[in-house]
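Everything in the sequence shown is counted per the UniProt record's numbering, starting at 1 for the first residue and increasing by one. For every residue, glycine included, the Cβ atom is placed at its ideal position computed from N, Cα and C. These numbers were taken from a predicted model, which means no experiment stands behind them. Here the structure comes first, spelled out in structure tokens, and everything after it is commentary.
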Amino acid sequence: MEQQQGGPARQRPSMATVRTAAAAALALLLLAGVSVLAGLAAVLVEGPPADQLFVVDTDAGADDAFALMELLRAEELLVADEWTRPPHRVPRLLAVTCVMGNAPVHNVTKNVLATLGAANRLDVPVYVGAEVPLMPPPAVFTDYFGLDGFGDFLPPGPPPGEPQREHAAVALVRLAKENPGSLTLLCIGPLTNIALAVRLDPGFLANLKDVFILGGAAHGIGNAAPGAEFNMWTDPDAAAVVLDAVPAGKPAYLLPWETVLDTEVTMKWRREVLGASNSSTMAFLNAAERVVLEGGSSTWESGDGLMAAYLVDGRVAAPAKAVRVSVLPGAAAGKGVTLADHSNTTGLPANVVLVENPDTSAFQRTLLRLLASS
1 MEQQQGGPAR
11 QRPSMATVRT
21 AAAAALALLL
31 LAGVSVLAGL
41 AAVLVEGPPA
51 DQLFVVDTDA
61 GADDAFALME
71 LLRAEELLVA
81 DEWTRPPHRV
91 PRLLAVTCVM
101 GNAPVHNVTK
111 NVLATLGAAN
121 RLDVPVYVGA
131 EVPLMPPPAV
141 FTDYFGLDGF
151 GDFLPPGPPP
161 GEPQREHAAV
171 ALVRLAKENP
181 GSLTLLCIGP
191 LTNIALAVRL
201 DPGFLANLKD
211 VFILGGAAHG
221 IGNAAPGAEF
231 NMWTDPDAAA
241 VVLDAVPAGK
251 PAYLLPWETV
261 LDTEVTMKWR
271 REVLGASNSS
281 TMAFLNAAER
291 VVLEGGSSTW
301 ESGDGLMAAY
311 LVDGRVAAPA
321 KAVRVSVLPG
331 AAAGKGVTLA
341 DHSNTTGLPA
351 NVVLVENPDT
361 SAFQRTLLRL
371 LASS
């Protein structure tokens, strides 16, 4: 026996003991390897992390098609690691729900399916939702983007693909329960489907990870009426229901109309830079936005495109201020007007974080990267 300096003699382990220990270590390594491989297989099968799941509620609308195309293209690029991740988010579009707004809901559904078809993503399920606002009068549809809300370029007949049979509001509640705390909801149309989901399940908004809403006139500049933005004005009762149901301590993100105006993108840039690219994506979007492109405006406003760009790249805009926001319901004068309590005169907790301070250059770069190269 050898003797340790300054201590008692230590007995050398037998070969049997060594073999037993080695076998145990090998077994642990094999188990760890199986665990790692199983984890890797799960990632490969399941795709992007669940906390990046998106559902888009839309009244498409040529402007909404920009948002859908941006998210779909970003998923393709980011999953392929063609962008560095920070500050980009990896969107995985789980579903699209349709609501009346820019056009009747049957046109909206056709426009969404056409957009998904153009992107080769008819695997994304589409759900038909509200045909009318929560309360009368019914919505009044304009031809701002064409009679069908989409440049009137789609051929007659059924669209590619079919919508699901489940109603959009029911699907929203189900998807939120199936993905608790992991689902992000992007609302780029009137909030009718969202209000119906809240009525079906008062815990609906609490089940979501985040809610992003395009709408409102947080500083009094409207585009549908004085102080009223189009999405809120189209169904003010739904907007009131949703904003009142936002869980305490978990405000929604609201990108108001004034932020869209602050981007200051010129129609010249839209036509001659973004619109002049040879991508199939822009050929589709140019056709959908034909009426706007042929108009006489010197500026190009795409709130839907801005919101989607911000979701993909956090440098496009910034969360600025948490405030209490409400929308005047009803059909009388003042309907849809946004009331933003900037001074907290009511003492009520904030229910939204305003998304403001857009970076026009970052927005343009994101549009070019996502839409002009495919």
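**Asked** What do you get for ALA333, buried or exposed, if any count of 16 or more other CB atoms within 10 angstroms of its CB means buried?
**Response** Position 333 of the sequence shown, counted from the start, is the residue given in the question as residue 333. A residue is called buried once 16 or more other Cβ atoms fall within 10 Å of its Cβ, and ALA333, having fewer, is exposed.
Would you mind working out which of ARG271, ALA218, PHE363 sits nearest ARG324, comparing C-alpha positions? Start at 1 with the first residue of the sequence shown, and residue 324 comes out as number 324. Closest by alpha carbon: ALA218.
Self-check item: Spatial distance of LEU339 from PRO156 (CA atoms)
Solution: Numbered from 1 along the sequence shown, position 339 holds the residue referred to as residue 339. Numbered from 1 along the sequence shown, position 156 holds the residue referred to as residue 156. Note on geometry: alpha-carbon atoms of LEU339 and PRO156 lie some 42 Å from one another.
Q | N- and C-terminal bounds of the alpha helix (DSSP H) containing ALA118 | A | As a position in the sequence shown, residue 118 is number 118, starting the count at 1. For ALA118, the enclosing alpha helix (DSSP H) covers residues 105 to 118.
Per DSSP, ILE213 is paired with what?
Position 213 of the sequence shown, counting from 1, holds the residue named residue 213. Note: ILE213 sits in a beta bridge opposite CYS187, LEU254.
### Query
Given a threshold of 16 other Cβ atoms within 10 Å of its Cβ, counted over all protein chains shown, does GLY222 qualify as buried or as exposed?
In the sequence shown, residue 222 corresponds to position 222, counting from 1. Classification of GLY222: buried, given that the 10 Å Cβ count is 16 or more.
### Query
Rounded to the nearest angstrom, how far is the Cβ of LEU147 from that of ALA195, given a contact under 8 Å?
Indexing the sequence shown from 1 puts residue 147 at position 147. Indexing the sequence shown from 1 puts residue 195 at position 195. LEU147 to ALA195, Cβ: 27 Å. No contact.
Own chain partners of LEU53 with C-beta closer than 7 Å, once the 5 adjacent residues on each side are dropped:
Taking the first residue of the sequence shown as 1, we reach residue 53 at position 53. If we look at LEU53 and ignore the five residues flanking it on each side, its Cβ neighbours are ARG92, LEU94, ASN179, SER182, LEU183, THR184.
_Run through the DSSP bridge pairs and tell me what ASP201 is partnered with._
Working through the sequence shown from its first residue, we reach residue 201 at position 201. Under DSSP, no beta-bridge partner is assigned to ASP201.
- What residue does the beta strand (DSSP E) around THR338 start on, and which one ends it? To locate residue 338, count along the sequence shown from 1; it is residue 338. Following the DSSP letters along the chain, one finds THR338 inside the beta strand (DSSP E) bounded by residues 338 to 341.
Which class does ASP63 belong to by DSSP, given the choice of helix, strand or coil?
Counted from its first residue, the sequence shown places residue 63 at position 63. Note: ASP63 maps to helix in three-state DSSP.
Exercise. Determine the DSSP secondary structure at PRO180, reduced to helix, strand or coil.
Key: The sequence position of residue 180 within the sequence shown is 180, counting from 1. Looking at PRO180 - three-state DSSP - the assignment turns out to be coil, as it is neither helix nor strand.
Which listed residue (MET232, ASP63, GLU75) has its alpha carbon closest to that of ALA139
Here residue 139 is taken as the residue at index 139 of the sequence shown, counted from 1. With distances taken between Cα atoms, ALA139 lies closest to MET232.
Buried or exposed by the 16-neighbour rule on C-beta atoms within 10 Å, applied to ASN357:
Here residue 357 is taken as the residue at index 357 of the sequence shown, counted from 1. Looking at its Cβ environment, which holds fewer than 16 other Cβ atoms inside 10 Å, ASN357 is exposed.
For this session: Pick helix, strand or coil for THR266, following the three-state DSSP scheme.
Result: Your numbering for residue 266 matches position 266 in the sequence shown. DSSP places THR266 in the strand class (E or B) of the three-state scheme.
Can you tell me whether GLY146 is helix, strand or coil according to DSSP? Counting from one through the sequence shown, the residue named residue 146 turns up at place 146. Strand at GLY146.
The beta strand (DSSP E) with LEU93 in it runs from where to where?
Indexing the sequence shown from 1 puts residue 93 at position 93. LEU93: member of the beta strand (DSSP E) spanning 92 to 98, first to last residue.
Determine the burial state of VAL120: buried for a count of at least 16 other Cβ atoms within 10 Å of its Cβ, exposed for fewer. Numbered from 1 along the sequence shown, position 120 holds the residue referred to as residue 120. The identity of residue 120 in the sequence shown is Asn, whereas the question assumes Val. Sixteen is the threshold: since fewer than 16 other Cβ atoms of the shown chains lie within 10 Å of the Cβ of ASN120, the residue is exposed.
Within the segment 279 to 356, ranges of the beta strand (DSSP E) (whole runs, at least 3 residues): As far as the segment 279 to 356 is concerned, its whole beta strand (DSSP E) runs of at least 3 residues are 318 to 327, 338 to 341, 352 to 356.
Handout entry: Reference TYR127; option with closest CA among ALA65, ALA171, ALA114
Key = The count along the sequence shown starts at 1 and reaches residue 127 at position 127. Ranking the options by Cα distance to TYR127, first place goes to ALA171.
Count the other CB atoms, across all protein chains shown, that sit within 10 Å of the CB of LEU348; report buried if there are 16 or more and exposed otherwise.
Residue 348 sits at position 348 when you count from the first residue of the sequence shown. In this structure LEU348 is exposed. Its beta-carbon is surrounded by fewer than 16 other beta-carbon atoms within 10 angstroms.
*Rounded to whole angstroms, how far is the Cβ of LYS60 from the Cβ of VAL292, which I believe are closer than 8 Å?*
Here residue 60 corresponds to residue number 60 of the sequence shown, with the count starting at 1. Here residue 292 corresponds to residue number 292 of the sequence shown, with the count starting at 1. It is worth fixing the name first, because residue 60 is Ala in this sequence and not Lys. The C-beta distance from ALA60 to VAL292 rounds to 14 Å, too long to fall under 8 Å, and the pair is not in contact.
Review point. Can you give the Cα-Cα distance for ASP237 and ASN278, rounded to whole angstroms?
Key: Your numbering for residue 237 matches position 237 in the sequence shown. Your numbering for residue 278 matches position 278 in the sequence shown. If I take the Cα positions, the gap works out to 43 Å.
> Given that a residue counts as buried once 16 or more other Cβ atoms are within 10 Å of its Cβ, and exposed if not, what is LEU354?
Replying inline: Your numbering for residue 354 matches position 354 in the sequence shown. Under the 10 Å beta carbon count, LEU354 is surrounded by 16 or more other beta carbons and is classified as buried.
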